[in-house]
Amino acid sequence: MQGFSLNSSNTHPTVNDPLAGHTPVLEKRDWIAGLEKGLSIIEAFDDQFPRLTASQAGARCGLTRTAARRYLLTLAHLGYVGTDGKLFWLTPRILRLGHAYLESARLPRLVQPFLQRIAGGTQEVAYLGVLDGGDTVYIARSGAHRHMNTGYMLGSRVQAQVTAAGSAILAAMGETASDAWIAQHTLRTYTPYTISSPEQLRSELARVRRQGWALSEQQMELNYRGIAVPLLDRYNDVHGAISITMPINQEVAEDAVKRVLPVLQDAARVMRPLI
Numbered sequence: 002m003q004g005f006s007l008n009s010s011n012t013h014p015t016v017n018d019p020l021a022g023h024t025p026v027l028e029k030r031d032w033i034a035g036l037e038k039g040l041s042i043i044e045a046f047d048d049q050f051p052r053l054t055a056s057q058a059g060a061r062c063g064l065t066r067t068a069a070r071r072y073l074l075t076l077a078h079l080g081y082v083g084t085d086g087k088l089f090w091l092t093p094r095i096l097r098l099g100h101a102y103l104e105s106a107r108l109p110r111l112v113q114p115f116l117q118r119i120a121g122g123t124q125e126v127a128y129l130g131v132l133d134g135g136d137t138v139y140i141a142r143s144g145a146h147r148h149m150n151t152g153y154m155l156g157s158r159v160q161a162q163v164t165a166a167g168s169a170i171l172a173a174m175g176e177t178a179s180d181a182w183i184a185q186h187t188l189r190t191y192t193p194y195t196i197s198s199p200e201q202l203r204s205e206l207a208r209v210r211r212q213g214w215a216l217s218e219q220q221m222e223l224n225y226r227g228i229a230v231p232l233l234d235r236y237n238d239v240h241g242a243i244s245i246t247m248p249i250n251q252e253v254a255e256d257a258v259k260r261v262l263p264v265l266q267d268a269a270r271v272m273r274p275l276i
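Its first residue numbered 2, the sequence shown is counted upward by one per residue in the working numbering.
Next up, the structure:
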């Protein structure tokens, strides 16, 4: 697939994302730097930095304090940011941006009925995950009532290699693309079981590529496992992955795979000509 690039050496860096779609090359004259900076201000907030001063926001985005303050005040005027005059924070209005994607994107709407069938057939929580840079992002989910308060929420982001969905996607991208991803990202460690070395991850992705599905155990959180299969279209391009996340409890991995993998594989096979 064609990636994204700017015809300029001093503007936005080139991004080659196999899941980004067929994005045309953007000419310098069409680039709106202010929009990029405004979005970078929004992305500066996270769980570690829920409230920021203008100086802190600017430092996180590579902007001066004055420039960051102007963007923050504009966002506050539009209702996306709250402020007490010194600190700034995101407001619930920011959820409109993500909700617009969930309402308009074709893939979550297409996959949702299949997730419901998977959840009903396995009594586990089923997810649709896609790759966004270094993260798996969960954009649809369905689960039995006893599990609906556990697992990932819509929009949750987790470094890709510690999730079954992320491993399935990375493997399905092919060796060249997955090697490039590994080279571009620092692998963080979350538990004693996390795959955090590039060599080990390459070996694991090769195994996933050969068998066509992924199993992740206790890599992100102790006592939880995930099983995933990639979502491929008729041209063998990968668009995401469907997965199940479950507590390990007393069920061994082999039994869990036998119980849920055929359901995931059947759903992916039926969806393939529809994607």
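Cβ atoms here follow ideal geometry from the backbone N, Cα and C, with glycine treated the same way.
By the 10 Å Cβ neighbour count, where 16 or more other Cβ atoms means buried, how is Q162 classified, buried or exposed? Label assigned to Q162: buried.
Determine the closest residue to L232 out of G135, G39 and Q266, with distance taken between C-alpha atoms. Comparing Cα-Cα distances from L232 to each of G135, G39 and Q266, the minimum goes to Q266.
Please determine, among V230, R211 and I249, the residue with the shortest C-alpha to C-alpha distance to Q220. I249
Just how far apart, CA to CA, sit E252 and L132? 29 Å
Unbroken alpha helix (DSSP H) run spanning T123, endpoints: For T123, the enclosing alpha helix (DSSP H) stretches over residues R107 to T123.
Using 8 Å as the threshold, is the segment 173 to 183 in touch with the segment 205 to 224, meaning 3 or more CB pairs across them? yes
Pick helix, strand or coil for T246, following the three-state DSSP scheme. strand
According to DSSP, is D231 helix, strand or coil? One point to set straight first is that residue 231 is Pro, not Asp, in the sequence displayed. DSSP places P231 within a strand segment (E or B) once states are collapsed to three.
Between the C-alpha atoms of E218 and M174, what's the straight-line distance to the nearest angstrom? Looking at the two C-alpha atoms, the distance is approximately 22 Å.
Determine the extent of the alpha helix (DSSP H) in which R203 is found, giving its start and end residues. P199 to Q212 is the span of the alpha helix (DSSP H), which, as asked, contains R203.
Grab the span of the beta strand (DSSP E) containing A141 for me, first residue to last. D136 to S143
Smallest Cα separation from R235: which of L223, I276, N224 and P93? Closest in alpha carbon position to R235, among L223, I276, N224 and P93, is I276.
Check for me: the alpha helix (DSSP H) holding D48 runs from which residue to which? Looking at the DSSP string, D48 is not in any alpha helix (DSSP H), and its letter there is neither H nor E.
Which residues in the same chain as R260 place their Cβ atom closer than 6 Å to its Cβ, once the five residues preceding and following it in sequence are excluded? Apart from the 5 residues on each side of it in sequence, R260 has no Cβ closer than 6 Å to any other Cβ in its chain.
Across which residues does DSSP place V264 in a beta bridge pair? Partner(s): none; V264 has no beta bridge.
Across which residues does DSSP place D133 in a beta bridge pair? Partner(s): D136.
Counting only C-beta atoms, is G122 closer than 8 Å to chain C at any point? Absent from the structure is chain C; it holds one protein chain and no more.
From the DSSP output, which residues share a beta bridge with E37? DSSP output for E37 lists no bridge partner at all.
Please report the residue range of the alpha helix (DSSP H) in which Q57 lies. A55 to C62
Is it buried or exposed, G80, if we count other Cβ atoms within 10 angstroms and call 16 or more buried? exposed
Since G135 and H186 are thought to touch, with beta carbons under 8 Å apart, how far apart are those beta carbons, to the nearest angstrom? 4 Å
Would you identify the three-state DSSP class for G156, choosing helix, strand or coil? Three-state DSSP puts G156 in coil, outside helix and strand.
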